[in-house]
Amino acid sequence: MTESKITSIGQLMTEKLETISLSSSIQQASTKMRDKNISSLVVVDDNNKPVGIVTEFLKQIAVLT
0 MTESKITSIG QLMTEKLETI SLSSSIQQAS TKMRDKNISS LVVVDDNNKP VGIVTEFLKQ
60 IAVLT
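Under numbering that gives the first Met the number 0, think of the first position of the sequence shown as 0, with each following residue one higher.
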């Protein structure tokens, strides 16, 4: 029987996170994701503390607004 390799999250994760502030617009977030060819952004507060994420779905919303 062949032993299967297990991939850890650490092997898949991105070390350099792209962030956006809470006060940024949907259009700004969508543009940043498009320009950097990424599918999510970490949302940070005024102290640069992570408070959430926005994902690829946001790009679709931006087109509608």
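Glycine included, each C-beta is placed from N, C-alpha and C at the ideal position.
Here the structure is a predicted model, which means the values were calculated and not measured.
Quiz prompt | Continuous alpha helix (DSSP H) stretch holding Ser29: start and end | solution = 25-35 is the span of the alpha helix (DSSP H), which, as asked, contains Ser29.
Three-state secondary structure assigned by DSSP to Ile52
In the structure shown, Ile52 sits in a strand (DSSP, three-state: E or B).
Open item on the list: Only counting the same chain, and skipping five residues up and downstream in sequence, which positions put a Cβ closer than 6 Å to that of Val41?
Closed with: Leaving aside the five residues that flank Val41 on each side, the residues in its chain whose CB is nearer than 6 Å to its CB run, in chain order, Leu16, Thr18, Pro49, Ile52.
Relative to the C-alpha of Met12, which residue among Ser23, Ser38, Asn47, Asp44 is closest? With distances taken between Cα atoms, Met12 lies closest to Ser38.
- With DSSP as the reference, label Ile5 as helix, strand or coil. DSSP places Ile5 in the coil class of the three-state scheme, outside both helix and strand.
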